[in-house]
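Asker:
The structure is reproduced here in structure tokens:
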């Protein structure tokens, strides 16, 4: 009464365009991947490389800033940890991966 008859399409017709139609369908996906690569993946891998190089170059008497905000002088460097002197006679051990910045020994603060 309220239903209309459903007609099936014949499966013998070939898809128009063939390979070209497939390429047109995948072009937006490829374009999105290229945009993600240049806007997200590449800059992030660059930042990771710079951070890894910074951590590898830390040495004694450098000034280090941790991600928690501690600023101190590096007194001892081990394979995966460093020792920071945050006050006279106060030393803490910090995992190298938690460093956000390493200032060279001769660097002066901006407000001095």
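In my numbering, the protein residues as written are 139 to 250.
Glycine is no exception: its CB is placed at the ideal position from the N, C-alpha and C atoms.
1) What are the residues that DSSP puts in a beta bridge with residue 220?
2) With three or more beta-carbon pairs closer than 8 Å as the criterion, would you say the region 230-238 touches the region 202-210?
3) Please list the segments of the beta strand (DSSP E) lying wholly inside the region 149-209, counting only runs of 3 or more residues, in order along the chain.
4) Can the beta-carbon of residue 256 be found closer than 7 Å to that of residue 228?
5) Classify residue 162: buried if its beta carbon has 16 or more other beta carbons within 10 angstroms, exposed otherwise.
6) Output yes or no for whether 7 Å exceeds the beta carbon distance between residue 210 and residue 193.
7) Please name the residue or residues paired with residue 225 in a DSSP beta bridge.
Answerer: Reading it off the structure:
1) 215 and 232
2) yes
3) 201-204
4) In the structure as shown, the chain starts at 139 and stops at 250, and residue 256 therefore has no counterpart that could be examined.
5) exposed
6) no
7) 228
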